[in-house]
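Mapped onto this note's numbering, the consecutive letters of the sequence shown carry residue numbers 759 to 859.
All C-beta atoms in this analysis are idealised placements derived from N, C-alpha and C, irrespective of residue type, glycine included.
Here the structure is laid out as structure tokens; the discussion comes afterwards.
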Amino acid sequence: MTSHTYPQETEAFWKKHITVCEQSTQSKAAYARAHALNYSRFLYWVDRLKKKKAQKPAPTLLPVKIVPQDSGRVLARIQHAKGYNIEVYEMTALLHLLHQR
Numbered sequence: 759m760t761s762h763t764y765p766q767e768t769e770a771f772w773k774k775h776i777t778v779c780e781q782s783t784q785s786k787a788a789y790a791r792a793h794a795l796n797y798s799r800f801l802y803w804v805d806r807l808k809k810k811k812a813q814k815p816a817p818t819l820l821p822v823k824i825v826p827q828d829s830g831r832v833l834a835r836i837q838h839a840k841g842y843n844i845e846v847y848e849m850t851a852l853l854h855l856l857h858q859r
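This is the structure:
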């Protein structure tokens with residue numbers, strides 16, 4: 759089976775046609791016929807670009823530094839055997855931790 763490549767049919771080429779088609783009153787089939795486009799390829803690119811647009815970028819993690827806002831009084835301190843420490847300065851945070859199961 760021979761594979762054909764169409765260098766003029768770039769993503770930009772298809773985006774332009776799809777945008778114009780969506781803004782027209784023509785059906786996809788009528789638009790493809792009027793512009794001498796292969797209908798199957800046109801539908802392939804409609805689907806491909808729709809899926810590409812639907813993909814969400816991975817969330818970016820940002821470093822967070824938590825600074826106590828109270829007088830510096832520690833309400834609770836959790837010390838792990840491996841040396842990890844968690845200090846809680848706010849009552850709402852402490853109550854939230856206590857209600858977690």
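query: Cβ-Cβ distance between Leu852 and Leu833 below 7 angstroms; result: yes
query: Arg831 versus Ser798, Lys773 and Met849, residue with shortest Cα-Cα distance; result: Met849
query: Start and end residues, alpha helix (DSSP H) containing Arg799; result: Tyr797 to Ala812
query: Environment of Leu795 [buried if 16+ CB atoms lie within 10 Å]; result: buried
query: Burial state of Tyr789, where buried means 16 or more other Cβ atoms lie within 10 Å; result: buried
query: Within 7 angstroms, strictly: CB atoms of Ala787 and Tyr797; result: yes
query: Residue of Lys823, Ile776 and Tyr842 minimising C-alpha distance to Asp805; result: Ile776
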